[in-house]
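Counting from 1, one number per residue, gives the positions in the sequence shown under full-length UniProt numbering.
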Amino acid sequence: MPDNLIFRLPPTFETVEEERRHRKERLAAALRIFGRFGFEEGVAGHITARDPELSDHFWVNPCGMSFKHVRVSDLILVNHEGKVVEGRYHVNEAAFAIHSQVHQARPGVVAAAHSHSVHGRALSALGQIIEPITQDSCAFYQDNALFDDYTGVVTDLEEGKRIAAALGGNKAVVLRNHGLLTVGDTVDAAAWWFITMERSAQVQLLAKAAGQVVPIEPDNAALTHQQIGNDLVGWINYQPLHDQIVREQPDLFE
């Protein structure tokens with residue numbers, strides 16, 4: 001057996017500047033991937049990455065710019081008051097109202113992703129969460145919740161606090177009549193959880209429309225969650241998508 005096989009793990013950094021640059025690059029790439037997957041709906045949708053030095057600040061995509069066009073240089077830095085302290089664009093009001101409260105409630109969360117994806121919205125309209133009906137959906141077994149309310153576009157910090165409370169210690173929450181939100185200890189993990197949650201929602205909707213669903217037995221669902229439901233596995237699963245977008249769209253680093 002060769003002793004030089006490659007198996008990538010999340011990188012470590014010697015300086016805050018290196019880590020900041022890395023998070024911004026991963027954020028821009030994740031936004032491009034969301035654009036490719038059609039997760040945009042006008043100006044709705046956002047991914048945030050906590051700044052590694054200013055922990056109550058986060059980087060986010062600029063309001064009004066297509067996910068498909070975001071570059072590292074376009075990202076904006078928002079403080080705890082919702083003010084843009086670095087960058088040339090406005091922040092989406094809903095992005096601040098939701099993400100600021102999620103980041104505040106979960107200090108270990110580096111990134112959060114929310115968008116109005118098609119199947120996520122369909123699932124949310126039913127008031128359902130992801131159920132353990134496939135191996136992949138077991139990543140969310142007892143690890144996704146329902147925010148069982150809808151009061152309009154989220155522009156109030158109190159509404160953001162309620163969403164954060166519904167998320168609790170889970171990796172994901174379904175926002176009823178709205179969409180999905182996921183979190184992770186890296187941008188990669190948060191983005192992967194959103195992507196696979198959207199796909200799991202699609203499978204769940206298709207399966208229930210086709211007939212009687214056979215759920216995975218709770219002990220096996222729990223075991224599978226242990227195997228595939230942690231942020232490191234999320235990070236690993238995301239790497240092929242990241243590699244692809246970087247190779248095809250290197251301008252995102254500008």
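Every residue, glycine too, gets a C-beta built ideally from N, C-alpha and C.
Under a three-way DSSP split, which group does residue i fall into?
i    : result
E248 : helix
N220 : helix
E53  : coil
N61  : coil
S137 : helix
L232 : helix
S115 : strand
Please look up how many angstroms separate the CB atoms of residue i and residue j, rounded, as I've assumed it's under 8 Å.
i    : j    : result
P205 : A122 : First, the residue type needs correcting, since residue 205 is Leu and not Pro in the sequence shown. The Cβ separation is near 6 Å, so the contact holds.
A166 : L146 : 7 Å
G108 : S66  : Not a contact, Cβ separation roughly 31 Å.
A28  : L75  : 6 Å
T224 : Q135 : 6 Å
Check each candidate in the options and name the one with the smallest Cα separation from residue i.
i           : options                   : result
A44         : N61, N230 and A189        : N61
V118        : N177, L157, W235 and G152 : N177
residue 291 : I47, I76, E81 and I133    : Look at the range of the chain in this structure, 1 to 254, and you will see that residue 291 is not part of it.
T12         : L5, R20 and I6            : R20
H57         : R162, G211, I195 and V85  : V85
residue 259 : N4, H69, R8 and P215      : Any property of residue 259 remains undetermined from this structure, which presents the chain solely from 1 to 254.
A112        : G64, A139, N170 and A125  : N170
C63         : D143, P132 and N92        : N92
N79         : F37, V70 and H90          : H90
N220        : H103, Q142 and A94        : Q142
P132        : K68, D243 and G229        : G229
Residue i lies in the alpha helix (DSSP H); which residues open and close that run?
i    : result
R36  : V16 to R36
I47  : Not the alpha helix (DSSP H): I47 falls in the beta strand (DSSP E), residues H46 to R50.
A166 : L157 to L167
H146 : Looking at the sequence provided, one finds Leu at residue 146 rather than His. Not the alpha helix (DSSP H): L146 falls in the beta strand (DSSP E), residues N144 to F147.
H119 : V118 to A125
V187 : V187 to A210
Identify the continuous beta strand (DSSP E) that holds residue i and give its terminal residues.
i    : result
E182 : In the sequence as displayed, the identity of residue 182 is Thr instead of Glu. Start and end: G179 to G184.
V173 : A172 to L175
Next on the checklist: So within the segment 76 to 107, which uninterrupted alpha helix (DSSP H) runs reach at least 4 residues, ignoring any that extend past its ends?
Outcome noted: 93 to 105
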